[in-house]
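**Q** Attaching a single structure in structure tokens format; questions to follow.
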Amino acid sequence: QVQLVESGGGLVQAGGSLRLSCAASGNIFSINVMGWYRQVPGKQRELVALITRAGITDYAASVRGRFTISSDDAMNTVYLQMNSLKPEDTAIYYCRAATPSVYWGQGTQVTVSS
3 QVQLVESGGG
13 LVQAGGSLRL
23 SCAASGNIFS
33 INVMGWYRQV
43 PGKQRELVAL
53 ITRAGITDYA
63 ASVRGRFTIS
73 SDDAMNTVYL
83 QMNSLKPEDT
93 AIYYCRAATP
103 SVYWGQGTQV
113 TVSS
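Its first residue numbered 3, the sequence shown is counted upward by one per residue in my numbering.
Quick look at the structure:
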């Protein structure tokens with residue numbers, strides 16, 4: 003079992019920055035991949051960024067160059083640095099861990115005002 007707790011969301015003006023954190027606990031040594039997803043009402047949850055235990059990263063095209071995902075060596079904390087935020091980045095952001103069983107955090111709201 004893996005437990006995930008996100009933090010760092012909030013309200014920011016367009017062009018601003020936020021850093022999200024995801025703290026993992028439990029059987030963290032079984033985690034292979036961690037990622038950030040986001041969801042707005044009425045739409046499917048979408049991948050924002052992911053990082054593997056080997057440090058390989060991938061990003062959605064809409065955030066590439068603006069967002070950076072990183073983790074500590076033990077992969078018990080994953081970060082999402084979000085720069086140059088846009089109103090369309092407004093969503094609930096969820097942390098996901100794959101062991102390969104899938105675990106989700108409770109989500110954190112990010113609101114970007116124009």
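Virtual Cβ for every residue (Gly too), placed ideally from N, Cα, C.
Only a predicted model underlies this, so the values are computations on that prediction, with no experimental measurement involved.
#1: Could you tell me which of Gly-37, Ala-51, Met-84 and Ser-23 sits nearest to Val-14, measuring between CA atoms?
#2: Work out the CA separation of Ser-32 and Gly-44 for me, nearest whole Å.
#3: With a threshold of 8 angstroms on Cβ separation, who are the neighbours of Ser-19 within its own chain once the five nearest residues in sequence on each side are excluded?
#4: Could you have a look at Asp-60 and say whether DSSP puts it in helix, strand or coil?
#5: In this structure, does DSSP put Ser-116 in helix, strand or coil?
#6: Output the distance between the C-alpha atoms of Phe-69 and Val-4, rounded to the nearest integer angstrom.
#7: Whole angstroms is fine: what's the gap from Gly-17's alpha carbon to Val-104's?
#8: Which residue wins for smallest C-alpha separation from Asn-78, given the options Gly-109, Ser-115 and Ala-100?
#9: Return helix, strand or coil for Ser-103, following the three-state DSSP convention.
#10: Measuring only the C-alpha atoms, how far is Ser-116 from Pro-89?
#11: What do you get for Arg-66, buried or exposed, if any count of 16 or more other CB atoms within 10 angstroms of its CB means buried?
#12: Keeping to the same chain, check which residues put their C-beta closer than 6 angstroms to that of Tyr-96; ignore five residues upstream and five downstream.
**A** Answer, in terms of the structure:
#1: Met-84
#2: 33 angstroms
#3: Gln-83, Met-84, Asn-85, Ser-86 and Leu-87
#4: strand
#5: coil
#6: 25 angstroms
#7: 33 angstroms
#8: Ala-100
#9: coil
#10: 6 angstroms
#11: exposed
#12: Tyr-39, Trp-106, Gly-107 and Gly-109
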